[in-house]
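Numbering (our numbering), first residue to last: 8 to 309.
The structure appears right after this line, and notes come after that.
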Amino acid sequence: MSLKRIPRTVRQVAAVMLVIAALSAALPALAQGDTPTPRPTRTPLPSVTPPQGAPPGLPTGAPGPTATLAIASTLPGPTATSPLLAASPTPLASPEPTQPLVLPGDAPPFGVNLPRGWQYAYQYVPIRTAYDAVMMGVAIYQGPVTNGVGTIIALWGFPSIAPPPSLSDLMGANASATPETPTPGPEAALDDLSRSMLWTDGLRLLQGTVVDITCNVGTSGQQPFSVGGQPAVGTYFNITGCQGEPDTAGWFAGVKSGTGNVLFYAYVEPIEAYNDARGDLQAVLDSIRFAVVATPTPTPAP
Numbered sequence: 008m009s010l011k012r013i014p015r016t017v018r019q020v021a022a023v024m025l026v027i028a029a030l031s032a033a034l035p036a037l038a039q040g041d042t043p044t045p046r047p048t049r050t051p052l053p054s055v056t057p058p059q060g061a062p063p064g065l066p067t068g069a070p071g072p073t074a075t076l077a078i079a080s081t082l083p084g085p086t087a088t089s090p091l092l093a094a095s096p097t098p099l100a101s102p103e104p105t106q107p108l109v110l111p112g113d114a115p116p117f118g119v120n121l122p123r124g125w126q127y128a129y130q131y132v133p134i135r136t137a138y139d140a141v142m143m144g145v146a147i148y149q150g151p152v153t154n155g156v157g158t159i160i161a162l163w164g165f166p167s168i169a170p171p172p173s174l175s176d177l178m179g180a181n182a183s184a185t186p187e188t189p190t191p192g193p194e195a196a197l198d199d200l201s202r203s204m205l206w207t208d209g210l211r212l213l214q215g216t217v218v219d220i221t222c223n224v225g226t227s228g229q230q231p232f233s234v235g236g237q238p239a240v241g242t243y244f245n246i247t248g249c250q251g252e253p254d255t256a257g258w259f260a261g262v263k264s265g266t267g268n269v270l271f272y273a274y275v276e277p278i279e280a281y282n283d284a285r286g287d288l289q290a291v292l293d294s295i296r297f298a299v300v301a302t303p304t305p306t307p308a309p
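And the structure:
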């Protein structure tokens, strides 16, 4: 990916991060006490001596005076009653500063053990839905894997595509129970709805936010996964036909933690290294530890 291209997706931001890190490592630092390389000095050209008989007052090397032809205009000038002269110009409003598309971010609501040689970066990315517009937290982890480069992108603080489930939604889920199938309790019904919404949010953010909207994205349906020892929901994906970006393959997994929903997107480049490097990415996901939220203990009445 070229640095001349403005990053439009989280995947492109990750590619720029890798390019900047490579350039920083390639530039040698100037050690203290080193003598800088002297620069060549420019020799001035000799001055031009005016010929004898030249008019006085002309600078050295300046051309002689030229005759100016005055042409009288026959077009009438604007009158005092012209509407252009009578109109008062309206001052233009001062331009507002352009808001950056990507802002420096904070650490995610989880910890992770990265293998040697991996890099990370945190950003805030604006995201808008039909209900809200917020700054979404992004964590990018990237490093060497078997026969390729692995990337894990974590998203949190994103608005859901659907409003929170209501009591009528829970009652509708229980109404589908049969005598052979036990009626799920409210907590089980709420968990099923939350997992379905999290999976839908993962699909929505995959194309257009993680990868470019021009990419061809193929998925395999809702699949169970594991992140940090907790159950997750997601799907496998295959990305092809992107403009200026290589094909890739991977999966995403969404986790409902105590601090909110988190989506993890893991993929490998080149795509031929996916089968060999999938275990390396899953090992990084297994090392994730989510923040534990303390549950308040009710105080017994005296």
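Heads up, the beta-carbon is just placed ideally off N, CA and C, and yes, glycines get one too.
CA-CA distance, residue i and residue j?
i	j	result
residue 135	residue 235	29 Å
residue 237	residue 262	7 Å
residue 207	residue 123	34 Å
residue 104	residue 110	Residue placement at residue 104 cannot be trusted, given a pLDDT of 48 that sits under 50; what the coordinates show is reported in the next sentence. Taking the straight line from one Cα to the other gives about 15 Å.
residue 295	residue 118	5 Å
residue 36	residue 286	A caution first: residue 36 carries a pLDDT of 47, below 50, which makes its placement in the model unreliable, though a value can still be read off. Those two C-alpha atoms are separated by around 37 Å.
residue 125	residue 273	14 Å
residue 277	residue 264	32 Å
residue 113	residue 245	30 Å
residue 223	residue 143	24 Å
residue 266	residue 162	13 Å
residue 298	residue 202	20 Å
residue 20	residue 281	21 Å
residue 212	residue 221	14 Å
residue 157	residue 284	8 Å
residue 139	residue 16	20 Å
residue 279	residue 133	33 Å
residue 288	residue 254	17 Å
Please state whether the Cβ-Cβ distance between residue i and residue j is less than 9 Å.
i	j	result
residue 275	residue 256	yes
residue 155	residue 121	no
residue 141	residue 115	no
residue 247	residue 225	yes
residue 250	residue 199	no
Between the Cα of residue i and the Cα atoms of the options, which residue gives the shortest distance?
i	options	result
residue 131	265, 264 and 164	164
residue 269	233, 251, 281 and 254	233
residue 22	267, 252 and 220	252
residue 243	157, 218 and 230	230
residue 227	221, 259 and 139	259
residue 210	249, 254, 250 and 271	271
Contact defined as beta carbons within less than 8 Å: I believe residue i pairs with residue j. What is the distance between those atoms, to the nearest angstrom?
i	j	result
residue 159	residue 128	At roughly 12 Å, the Cβ-Cβ gap does not stay under 8 Å, so residue 159 and residue 128 are not in contact.
residue 205	residue 240	6 Å
residue 145	residue 18	Not quite, the Cβ-Cβ distance comes to about 11 Å (not below 8 Å), so this is no contact.
Can you tell me where the alpha helix (DSSP H) holding residue i begins and where it ends?
i	result
residue 282	281-293
Start and end of the beta strand (DSSP E) containing residue i?
i	result
residue 324	In the structure displayed, the chain extends from 8 to 309; residue 324 sits before or after that span and is not available.
residue 255	255-264
residue 233	230-234
residue 224	223-226
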